[in-house]
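*Asks:*
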Amino acid sequence: MSEVLVQRPTVRGGVGESVPRPDAVPKVTGRFDFLGDLHAEGMVWGATRRAWLPRARLVRVDVTPALTMRGVHAALTQDDVPGHRYQGQKVTDQPVLAEGEVRTWGEPVAVVAADDPETARRAADAIIVELDELEPLTDLDEALARGSVFRHVRVRRGDPDARGEVVVEDTYTTATQDPAALGTEAGLAVPDGLGGLDLWGPTQWTHVDRTQLAACLGLSPEQVRVQPCRLGGAFGSREDLSLQTHLGMLALRLGRPVKMVYDRTESFVGHVKRHGARMRYRHEADRAGRLVRVEAQLLLDGGPYELTSSAVVANSSYFALGPYRCQRVEVDGYALRTNNPPSGAMRGFGANQPCFAAEAQMDRLAEALGLDPLELRLRNAIGPGDHLATTGQLIEHPLPTAEVIRSVAAIPLPDALAPADDDPRRLPGGTGLTTPRDRVVRGVGYAVGLKNLQFSEGFDDYAEARVELTAEGARVHTAAIEVGQGMVTIIAQVVRSTLGVSQVEVAFDHTGRIGSAGSTSASRQTQMAGNAALEAATVVRTQALERLGGDHLDDAGVWRGEQLLAPLAELVADGPIEHHVRYRHRPTQQPDADGQGALHVDFCVAAHRAVVDVDPDLGLVRVVEIAIAQDVGRALNPQQLHGQIEGGIAQGMGHAIMEEVVLDAGVIRNASFTDYLLPTCLDAPEVEAVLVEQPSPWGPFGAKGMAELPTMSATPAVVAAVRAATGRALTRAPVRPEDVVGDLR
Amino acid sequence: MHIERPEGLDEALAALAADPHATLLAGGTDLMVEVNLTHRRPASVVALRRVPELREWDERMIGAGVSWARMESGPVTGLAQLARTVGSPQIRAVGTLGGNLGTASPAGDALPWLAALDAEVVLASDRGRRRLAWDEFLLGPKRTARQPGELIVGVQLPEALPPHQAFAKVGVRQAMVIATVNCCVVRDADGATRVALGAVGPTVRRARRAEALVSGTVRPSAAVLDRFEALVREEIAPIDDHRASAAYRRHAAGVLARRTLERCWS
Amino acid sequence: MIVTLEVNGEPCAAEVAGFESLLWVLRERLGLTGAKDACLQGECGSCSVLLDGEVVCACLVLAADAEGARVTTVEGLAGGSEGELHLVQQAFVDAGAVQCGFCTPGLIVAAAHLLETRPGAGDAEVREALSGNLCRCTGYGAILRAVARAQSQATQGGAP
Ligand SMILES: Cc1cc2nc3c(=O)[nH]c(=O)nc-3n(C[C@H](O)[C@H](O)[C@H](O)COP(=O)(O)OP(=O)(O)OC[C@H]3O[C@@H](n4cnc5c(N)ncnc54)[C@H](O)[C@@H]3O)c2cc1C
Ligand code: FES
Ligand code: FES
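Chains as they are written, first to last, in this note's numbering: chain A, 26 to 770; chain B, 406 to 671; chain C, 9 to 168.
Put into structure tokens, the structure is as follows:
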């Protein structure tokens with residue numbers, strides 16, 4: 026044992042530092058292989074034949090014309106599904122390929138595999154599909170009237186007779202938003218020669234994909250290895266299966282690798298979206314500005330299959346009024362079955378839509394009361410010791426609602442548009458030269474968002490991780506999916522700070538190597554995968570110290586007091602030290618008949634202030650700046666946090682003024698990037714962010730998951746600012762130019 | 406697919422004469438979208454980007470092969486303004502005037518300028534050239550008078566370019582957006598004013614009654630401008646689509662035409 | 009048909025089918041998957057490459073018409089020695105301008121070209137120059153900071 030006296034090194038790249046992503050270098054050099062970049066020897070290409078009507082009886086599918094084409098190897102329909110013919114994360118109600126009835130525009134009817142994508146596409150087109158058109162169900166109120174409901178969440182709390190003197194009510198609409206991750210759906214299935222396969226597909230939770238895939242492919246879970254994937258973004262859209270089962274069917278049938286890539290138009294029908302919603306609200310307050318009663322009816326457009334809609338509507342319902350106290354709450358949330366495109370998870374998971382409506386209600390209430398809108402919010406703000414107005418859950422831990430409101434208000438406002446500033450890039454309408462400087466009106470709006478962290482309602486939620494310490498440093502194994510958000514950096518930082526060792530690498534394992542890490546969603550991986558890694562690293566550290574009787578571990582090795590007992594290499598000479606953990610968050614309850622209970626693990630709040638410049642005559646809006654104060658627990662990586670904040674804000678502001686899936690009787694009219702507009706560099710506002718750090722007991726080093734809130738309350742804040750600039754009611758997101766102009770005959 | 410890559414105009418015309426139905430390819434920013442997204446598969450292509458004559462630009466004629474990037478930094482104000490709004494820098498680097506005319510989309514951004522200028526489109530085949538007034542060339546949405554075997558050589562400008570030209574375009578994004586409404590107003594030294602609008606009908610429209618109202622030497626009063634706006638709205642035929650309602654387009658066209666007209670004095 | 013090109017300084021020939029884009033040929037025939045394929049309609053810029061010195065969307069270039077062209081992809085931008093990054097690439101890494109990274113190769117190409125052709129571009133000019141490159145993850149803030157960092161390093165030769 027060496028007994029050299031040296032300076033103790035401090036860990037590099039631990040929590041609190043803005044550590045760069047380990048995958049940034051391959052990404053900037055073009056050497057990072059995304060799903061669409063994968064290749065396997067001898068692979069063929071898949072393509073999908075889709076239905077062109079939103080609802081129809083499927084009369085006939087004949088694949089013969091495809092099979093007789095040169096270079097075509099297989100053409101499969103629902104009859105060819107080897108196992109269970111239906112898939113779905115919670116309820117298996119989605120046919121792998123259409124069966125009996127087509128229920129949504131673009132539904133997959135058959136799949137083919139051919140030598141090259143062009144042949145595959147032509148073969149798919151050659152398949153004979155006969156449809157007998159049926160009337161689609163696309164209106165939410167009609168769906169409700171017909172009882173076409175996946176789930177009704179009923180929340181009743183407080184004194185039924187409580188009534189407020191000041192009343193505001195209205196109906197609000199949010200359009201369907203597309204997650205529009207830049208990478209489209211792509212995947213590769215490779216048979217293993219033993220009856221099973223390896224599958225690379227767009228996912229946020231490999232193990233839940235494996236369960237569905239094994240069932241549909243008629244295999245045991247061990248035979249399906251769902252590989253960690255490299256995604257060009259997700260935002261929720263990869264929580265449900267898209268092309269995986271099809272790839273698996275083709276690969277098993279052919280015994281050779283099959284690759285498939287959706288184009289952008291196909292991508293629009295190939296993944297789930299943020300639910301379009303219609304929401305009826307009634308807020309009542311007393312003269313002192315205390316919320317007395319909130320009634321809300323929330324209708325969410327689920328599309329034809331349940332997917333995650335039943336969980337999404339729960340979030341909508343429990344966060345229906347935001348971070349406020351209220352004496353009486355009555356919420357009825359409905360996830361509705363329609364023939365519109367399937368909806369599911371998207372950043373905020375159902376909390377965004379009511380946030381848009383409820384925050385508009387707060388502004389109107391403030392106006393009716395003659396109160397400052399922030400003052401009204403502060404008078405009702407919840408914090409530790411309060412009960413959530415909907416579920417009644419006691420807030421036991423930091424929830425700095427009032428702090429985020431005060432912090433955002435304290436951020437200095439941006440300068441007024443200079444009277445002589447006629448650079449069109451700073452005016453509404455941009456380079457289109459629509460708007461003279463003197464027609465511009467400025468508006469400022471606020472909104473506050475509240476959301477849960479991690480899975481709720483009694484779900485048995487866990488994440489596994491294994492930490493290995495070798496002479497080279499530590500390696501963390503996880504099945505968690507890195508979607509671009511930077512979990513790969515955070516996990517390594519947590520383990521560095523826990524172990525004291527700087528050399529830490531994260532290894533993403535397939536489903537056969539390690540147990541589930543749960544979904545990369547619900548703001549949960551920093552806390553879930555992070556805590557799993559932290560617990561495993563803690564045990565590894567303890568074992569390392571115990572091996573030599575030391576009291577400190579760092580890059581140099583194991584120490585006792587000032588004395589270095591052994592360098593790392595010596596410590597692990599007899600083999601690596603490793604530990605595997607299955608981490609669970611604290612249990613949550615299931616709701617009772619009134620939606621009451623401790624349904625959630627933890628909560629997070631943020632407040633936004635938007636500043637917009639509006640051309641009221643043309644209805645054009647430029648978002649100048651968005652300020653945010655956000656509850657983060659503890660900032661583990663400030664640079665990444667700001668990246669999540671800015672990126673989230675861009676998506677929220679996009680939904681406020683331009684992003685909408687235009688639906689016409691179930692058909693998407695803008696399934697392309699020409700017409701589904703994403704904010705460009707010239708649209709992106711300046712962002713001013715203040716991080717409010719009050720450590721959470723549930724996060725590694727006090728961190729909270731935080732990446733959903735920047736999107737959530739950005740939308741209502743921007744629309745509030747447009748209201749402030751124009752005086753229009755604006756009850757719909759996105760705000761269209763004609764809504765701003767108003768009164769068009 | 407067969408491709409010809411002529412390096413001169415005569416060679417291009419000969420290639421077209423040999424294969425009159427060949428698909429012409431300039432910058433590809435319209436054609437390749439069709440190839441990629443709607444799977445158009447042209448049997449033969451005559452690629453024009455190597456033809457130097459089409460890239461010429463002199464006092465009276467702008468070649469069909471001139472890119473948006475060149476128009477953006479060129480001397481013709483109206484054209485420079487509209488060119489800056491077309492797509493993105495990547496699109497403007499290769500997209501051409503001739504391609505915009507060839508596509509003849511109702512929202513094409515060069516078209517209102519062409520119409521406001523009363524410019525002509527010059528077509529050529531191996532049998533010779535012809536010049537068509539803009540409204541003889543543009544027949545409808547994505548329909549032109551170009552005959553098989555012909556290509557667009559360029560745009561013939563009027564003898565004197567109007568000293569005042571202004572273009573504006575409404576879209577719901579600060580850049581890279583197809584017009585919901587676009588508008589070009591030009592005013593000659595003698596006060597003759599021409600107003601053209603796009604995306605408000607099957608093809609670009611001139612608002613001739615509105616023009617008559619404001620043509621002349623005096624600067625119109627607010628009341629005249631109100632009337633001008635109303636006339637513009639009467640002279641167009643917009644439709645509802647996924648980008649905007651007909652009612653909004655009608656409203657916006659009036660506002661835009663008025664503001665664009667007012668810029669002719671600033 | 010066979011198309012001959014110069015890609016990242018190397019002469020090369022590729023067999024192409026008539027309708028194929030330069031992007032497809034780069035990715036599938038030449039194995040250069042750096043340029044991405046997010047839309048195939050010129051809207052996203054993820055496929056941006058330099059074609060004879062100009063930034064273009066490779067998805068909109070008919071491969072057969074690229075005969076004789078000089079193409080630079082993101083793979084060809086990095087400095088001479090192994091592991092060395094282009095100034096813009098390093099700035100993207102340092103500024104945290106990369107999240108999922110799908111937009112990154114196209115943005116790197118566009119930003120490197122901007123730095124070369126208009127080194128002193130101001131904020132609005134940079135935004136306009138990059139407006140053909142969509143990013144869904146970052147909200148562009150970090151990307152703009154990366155460009156500013158690269159600009160100041162290029163002009164002063166020092167850290168920003
Ligand atoms: C992302 C994106 C954004 C866009 N934004 C805009 C916009 O804002 N405004 C706008 O107006 N357009 C826009 N466009 C459309 C397009 O860029 C323009 O219409 C462009 O001018 C087309 O030119 P091109 O050289 O690329 O044409 P190509 O695609 O090469 O050709 C277009 C058509 O014209 C024909 N053609 C080309 N040259 C000739 C010729 N010399 N003689 C006869 N026919 C010819 C072709 O056969 C083809 O039918 C956009 C396109 C994209 C992809
Ligand atoms: S893939 Fe070429 S611009 Fe989107
Ligand atoms: S980093 Fe994901 S799209 Fe830009």
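Backbone N, C-alpha and C define an ideal beta-carbon position, used for all residues, glycine too.
(1) Are there 16 or more other CB atoms within 10 angstroms of the CB of B:Y653, so buried, or fewer, so exposed?
(2) Quick one: what does DSSP say C:K44 is sitting in, helix, strand or coil?
(3) Is the beta carbon of A:S341 sitting closer than 7 Å to the one on A:P379?
(4) Output, in sequence order along the chain, the residues in the segment 39-50 of chain C whose CB is closer than 8 Å to any CB in chain A.
(5) Buried or exposed for A:L419, going by 16 or more other Cβ atoms inside 10 Å?
(6) Ignore the nearest five residues each way along the sequence and tell me which others in A:R20's own chain have a CB closer than 8 Å to its CB.
(7) C:C111 CB to nearest chain B CB: under 7 Å?
(8) Give a single yes or no on whether C:T146 has its beta carbon closer than 6 Å to a heavy atom of ligand 3.
(9) At a Cβ threshold of 7 Å, is B:M437 touching chain C?
(10) Can you grab the Cα-Cα spacing for the pair C:D45 / C:L58, in whole Å?
(11) With a CB to CB cut of under 7 Å and the five nearest residues on each side skipped, what residues in its chain are close to A:L570?
(12) Could you work out which residues of chain A lie near C:T80, taking near to mean beta carbons separated by less than 9 Å?
(13) In whole angstroms, what is the alpha-carbon distance linking B:G596 and C:A105?
(14) Who are the Cβ neighbours of C:A103 in its own chain at under 7 Å, not counting the five residues just before and after it?
(15) Write down the C-beta distance between A:S335 and A:L325 rounded to the nearest angstrom, noting that I regard them as a contact closer than 8 Å.
(16) If I measure Cβ to Cβ from A:L707 and keep anything under 7 Å in the same chain, skipping five residues before and after, which residues do I get?
(17) On the three-pair Cβ rule with 8 Å, is the segment 666-685 of chain A touching the segment 408-423 of chain B?
(18) Find out if the Cβ-Cβ distance for the pair A:S262, A:P329 is shorter than 7 Å.
(19) Assign A:L219 to one of two classes, buried (16 or more other C-beta atoms within 10 Å of its C-beta) or exposed (fewer than that).
(20) For B:V440, which residues of its own chain have a beta-carbon under 8 Å away from its beta-carbon, when the five flanking residues on both sides are left out?
(21) Closest Cβ-Cβ distance between A:P47 and chain C: below 7 Å?
(22) Which first and last residues belong to the beta strand (DSSP E) in which B:L537 is found?
(23) Looking at chain A, is there any beta carbon in it that lies within less than 7 Å of the beta carbon of B:A635?
(24) Tell me the DSSP secondary structure of A:T503 in three-state form.
(25) With 7 Å as the threshold, decide whether the Cβ of B:W473 is near any Cβ in chain C.
(26) By the 10 Å Cβ neighbour count, where 16 or more other Cβ atoms means buried, how is C:A164 classified, buried or exposed?
(27) Does A:D203 get closer than 7 Å to chain B when you measure Cβ to Cβ?
(28) Run the CB neighbour count on B:Q579, radius 10 Å, all protein chains shown included, and call it buried at 16 or more, exposed below.
(29) Around the Cβ of C:D73, are there at least 16 other Cβ atoms within 10 angstroms (buried) or fewer (exposed)?
(30) Just the C-alpha distance for C:V63 and B:P494, rounded to the nearest angstrom, thanks.
(31) Does the segment 132-142 of chain A touch the segment 87-103 of chain A, meaning 3 or more C-beta pairs lie closer than 8 Å?
(32) Are the Cβ atoms of B:P553 and B:R592 separated by less than 7 Å?
(33) The segment 137-166 of chain C: which residues have C-beta closer than 9 Å to a C-beta of chain A, in chain order?
(34) Taking three-plus beta-carbon pairs below 8 Å as touching, is the segment 651-669 of chain A in contact with the segment 36-44 of chain A?
(35) Would you say C:A120 lies against chain A (beta-carbon separation less than 7 Å)?
(36) Nearer than 6 Å: is that true of the beta carbon of C:L50 relative to any heavy atom of ligand 2?
*Replies:* Reading it off the structure:
(1) It is buried - the Cβ of B:Y653 has at least 16 other Cβ atoms within 10 Å.
(2) If DSSP states are grouped into helix, strand and coil, C:K44 belongs with coil.
(3) Here A:S341 is near A:P379, since their CB atoms are less than 7 Å apart.
(4) L40, T41, G42, A43, K44, D45, A46, C47, L48, Q49
(5) Its Cβ having fewer than 16 others within 10 Å, A:L419 is exposed.
(6) The structure shown does not extend to residue 20 of chain A, since chain A is modelled only from 26 through 770, so no value can be given for it.
(7) no
(8) yes
(9) yes
(10) 16 Å
(11) D576, L578, V583
(12) Per Cβ cutoff of 9 Å: no residues; C:T80 is ~11 Å from chain A at best.
(13) 52 Å
(14) A150, R153, A154, R157
(15) In fact, because the Cβ distance is near 10 Å, the residues do not count as touching under 8 Å.
(16) Contacts found: R450, G455.
(17) The segment 666-685 of chain A is not in contact with the segment 408-423 of chain B.
(18) no
(19) Exposure of A:L219 is indicated by the presence of fewer than 16 other C-beta atoms within 10 angstroms of its C-beta.
(20) R446, P447
(21) No, A:P47 does not count as interfacial toward chain C.
(22) 533-538
(23) no
(24) strand
(25) no
(26) The sequence as given places Gln at residue 164 of chain C; Ala does not occur at that position. C:Q164 comes out exposed.
(27) False, the Cβ-Cβ gap to chain B never drops below 7 Å.
(28) buried
(29) So C:D73 ends up on the buried side.
(30) 8 Å
(31) In short, these stretches touch, since the Cβ pair count reaches three.
(32) no
(33) Across the segment 137-166 of chain C, CB contacts with chain A closer than 9 Å involve A137, L138, S139, G140, N141, L142, C143, R144, C145, T146, G147, Y148, G149, A150, I151, L152, in sequence order along the chain.
(34) yes
(35) no
(36) Correcting the residue identity first, residue 50 of chain C is Gly in this sequence and not Leu. Result yes, Cβ under 6 Å from ligand 2.
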